[in-house]
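Taking it in order: structure first as structure tokens, then the write-up.
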Amino acid sequence: MKALIGLLCGLVFGAGLAMSGMTDTAKVLGFLDVTGQWVPDLAFVMGGAVLVTLVAFRFVLKMKRPALNPRFYLPGTTVIDGRLLGGAAIFGVGWGVYGYCPGPALAALTYQDSKTAMFVVAMLVGMAVANKLAPG
Amino acid sequence: MFAYTTPLVGGLLIGASAVLLLALLGRIAGIAGIVWGAVSAQPDNAWRWLFIVGLITGPVLYHLLAGVPNPQASPLPWWQAVAGGLLVGFGVKLGSGCTSGHGVCGIGRLSPRSLAATVTFMATGIVTVYVIRHLLGGLL
Chain A
0 MKALIGLLCG LVFGAGLAMS GMTDTAKVLG FLDVTGQWVP DLAFVMGGAV
50 LVTLVAFRFV LKMKRPALNP RFYLPGTTVI DGRLLGGAAI FGVGWGVYGY
100 CPGPALAALT YQDSKTAMFV VAMLVGMAVA NKLAPG
Chain B
0 MFAYTTPLVG GLLIGASAVL LLALLGRIAG IAGIVWGAVS AQPDNAWRWL
50 FIVGLITGPV LYHLLAGVPN PQASPLPWWQ AVAGGLLVGF GVKLGSGCTS
100 GHGVCGIGRL SPRSLAATVT FMATGIVTVY VIRHLLGGLL
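So, in structure tokens, the structure goes:
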């Protein structure tokens, strides 16, 4: 059952990414290109997604526990440190270099462009390197 | 029709998926975290692998049902894909999250940490595109 929920959530997430234009690197880079021919689409994607989570998470997190697991698995740390900001900064540079963040890169594998596969493999290597150099 | 209906509805779907995952499994729909958990063989992992299967299959459903063609392949060179992928992977692991984990879920639960991360990666993303497009002439 839990695995089935995973599949369902992944399907909805992936369909949402494709519908929103996040799997189109031209749109993503156009959105980040605020001083050029700005493509505002992705502001609505983020806005729509955050609107839903902002409202619904309030109710969900008031539940004693999730429906199918004994507890919520939430990040424990609340510190804003160099590791968080440095990691986020590096991630943003990579996002701007090609136009994919992790979700859209995986979802776009479905279009069978070999460069997308190279992006995903490189992303996994990058994760493993970060895990080796700075575990935790 | 409102020009931004599709991105907005797409965003609502992404949010709905995150809410379902939290309400049913108690998990954050952060793709970077889900992928890392899957490849690093965490316990209770079946849902992660099937989420990834769904993530890759979801776009097929959308393009088929909506009759919308696939987006154009990126005109950028392969080495720029590799460079982007390495930086994205390294950055999200170090910074504990990506657009979905920090941006959609973290802000959704009013985490100051996630807000700080989101502002940071949006800013460096914008600066990077500015440098590449307007100072370097389009390529890295």
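Protein chains in written order, with numbering that gives the first Met the number 0: chain A, 0 to 135; chain B, 0 to 139. Here a beta-carbon is modelled for each residue, glycine too, at the ideal position from N, C-alpha and C.
For this session: On a CA-only basis, which of P6/B, A65/B, G10/B is nearest V38/A? Give me that one, please.
Result: P6/B
Problem set entry | Separation of K92/B from G135/A, as counted between CA atoms | 9 Å
For this session: Output, in chain order, the set of chain A residues within a Cβ distance shorter than 8 Å of L49/B.
Result: A2, L3, G5, L6, G9
Problem set entry | Rounded separation between P58/B and D112/A - CA only | So the alpha carbons of these two residues sit roughly 14 Å apart.
For this session: For K114/A, count neighbouring Cβ atoms within 10 angstroms of its own Cβ and tell me buried if that reaches 16, exposed if not.
Result: buried
Problem set entry | Interface residues of chain B facing G46/A [CB-CB closer than 8 Å] | Correct list: L7, G10.
Exercise. Any contact of the segment 76-92 of chain A with the segment 120-128 of chain B, i.e. 3+ C-beta pairs under 8 Å?
Worked result: With three or more CB-CB distances shorter than 8 Å, the segment 76-92 of chain A counts as touching the segment 120-128 of chain B.
Exercise. Taking DSSP as the reference, what is the three-state secondary structure of C8/A?
Worked result: C8/A: helix per DSSP, three-state reduction.
Problem set entry | DSSP three-state assignment for N130/A, whether helix, strand or coil | helix
For this session: For the alpha helix (DSSP H) holding G32/B, just list the boundary residues, first then last.
Result: 30-38
For this session: Less than 8 Å between the CB atoms is what I'm expecting for V27/A and G98/A, so what's the real figure, rounded?
Result: 4 Å
For this session: Report yes or no: do three or more beta-carbon pairs, one from the segment 40-58 of chain B and one from the segment 5-13 of chain A, lie closer than 8 Å?
Result: yes
Exercise. Applying a beta-carbon distance threshold of less than 7 Å, which residues of chain B neighbour K114/A?
Worked result: From the beta-carbon of K114/A, the residues of chain B found nearer than 7 Å are S73, W77, A80.
Exercise. Taking the continuous alpha helix (DSSP H) assigned at P101/A, which residues delimit it?
Worked result: Here the alpha helix (DSSP H) through P101/A covers 101-106.
Exercise. Does DSSP put C104/B in a helix, in a strand, or in coil?
Worked result: Collapsing the DSSP output to three states places C104/B in a helix.
Exercise. Near C97/B, which residues of its chain fall below 7 Å by C-beta distance, leaving aside the five closest residues on each side in sequence?
Worked result: G29, I30, A31, V91
Problem set entry | Three-state secondary structure assigned by DSSP to K11/B | Correcting the residue identity first, residue 11/B is Leu in this sequence and not Lys. L11/B falls in the helix class under three-state DSSP.
For this session: Tell me the start and end of each unbroken alpha helix (DSSP H) in the segment 50-122 of chain A that is at least 4 residues and wholly inside, in chain order.
Result: 81-97, 101-106
Problem set entry | Rounded straight-line distance, which links the Cα of S95/B to that of A129/A | Near 11 Å, if we compare the C-alpha coordinates of S95/B and A129/A.
Exercise. Cα-Cα, which of M18/A, M126/A, D80/A, A2/A is closest to G66/B?
Worked result: M18/A
For this session: Counting only the same chain and skipping the five closest in sequence on each side, list residues whose C-beta sits under 8 Å from that of R82/A.
Result: Excluding sequence neighbours, R82/A sits near A133.
Problem set entry | 7 Å Cβ cutoff, P65/A in contact with chain B | yes
Exercise. Roughly how far, in whole angstroms, is the beta-carbon of D32/A from the beta-carbon of V128/B, given that I think they are within contact range, below 8 Å?
Worked result: 5 Å
Exercise. Given a threshold of 16 other Cβ atoms within 10 Å of its Cβ, counted over all protein chains shown, does F58/A qualify as buried or as exposed?
Worked result: exposed
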